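Enquirer:
In the numbering used here, the protein residues as written are 574 to 650.
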């Protein structure tokens with residue numbers, strides 16, 4: 574529970590440091606993107622602290638490129 578509080582506190586501090594500058598420059602789209610990415614990263618951090626199984630992005634890449642690699646391999650052999 575302490576880890577979750579630390580992650581949330583860190584996210585709030587990051588937002589407090591970054592959003593005023595974006596707001597001053599009137600970068601509304603950038604604020605939305607920043608908040609979405611910060612929320613996603615905070616969620617992943619909380620899930621990691623709770624020891625939840627998270628998918629590895631490299632597994633997704635290999636899932637996509639494995640058939641292409643097999644096709645190229647069969648064409649070269």
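Ideal Cβ positions, reconstructed from N, Cα and C, are used throughout, including at glycine.
All values reported here derive from a predicted model rather than from experimental measurement.
#1: Measuring CA to CA, which of 628, 612, 575, 641 is closest to residue 587?
#2: Between the C-alpha atoms of residue 601 and residue 608, what's the straight-line distance to the nearest angstrom?
#3: Residues in its own chain within less than 8 Å of residue 580 by CB, not counting five upstream and five downstream?
#4: Relative to the alpha-carbon of residue 631, which residue among 625, 643, 639 has its alpha-carbon at the smallest distance?
Expert: Taking the coordinates as given:
#1: Here residue 587 corresponds to residue number 14 of the chain shown, with the count starting at 1. Considering only alpha carbons, the answer is 612.
#2: The residue given as residue 601 occupies position 28 in the chain shown. The residue given as residue 608 occupies position 35 in the chain shown. One C-alpha to the other measures close to 11 Å.
#3: As a position in the chain shown, residue 580 is number 7, starting the count at 1. 615, 618, 619, 622, listed in sequence order.
#4: For the purposes of this step, residue 631 is identified with residue 58 of the chain shown, where counting begins at 1. The option with the nearest alpha carbon to residue 631 is 639.
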